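In our numbering, the protein residues as written are 489 to 573.
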C-alpha cells in the first residue's frame with residue numbers, strides 16, 4: 489500500500505485520479521449536499537493498493553476501482569444502529 493493524499497470535501501481532488509473515480513467522488517459529495525449533511529470538516533483520504541486508488545471519506549464511505557473493468561464502486565458504511573429487531 490502506498491500512502492497518498494488528503495483533501496477537504498468540495499476541494500480539488502488529486503489530478504492523477506481517473507474520471508470514473510472523480511465522478512464517484514462528485515456523486516458522493518452531491519448526495520451529501522442533497523441530504524443536508526454538514527461535511528465541511530470532512531476529508532477524503534487517497535491511498536494506493538496494487539496500483540489502484542482507494543478513496544475513503546471520514547464517514548467511512550470507500551471508493552474502489554474494479555481491477556477488470558476500471559469502474560469505480562462506492563461502498564457506503566453500514567449503519568449498525570436500528571438493527572435491534
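Positions of the beta carbon are idealized from the N, C-alpha and C atoms, including for glycine.
Note that the structure is predicted; figures quoted are calculated from it, not measured.
Closest residue to residue 519 among 560, 508, 506, 498 (Cα-Cα distance)
498
List the endpoints of the continuous beta strand (DSSP E) containing residue 550.
550-553
Span of the alpha helix (DSSP H) around residue 437
This structure gives no information on residue 437, because the portion of the chain shown stretches from 489 to 573.
Taking Cβ positions, are residue 551 and residue 525 nearer each other than 8 Å?
no
Segment limits, alpha helix (DSSP H) that includes residue 516
507-522
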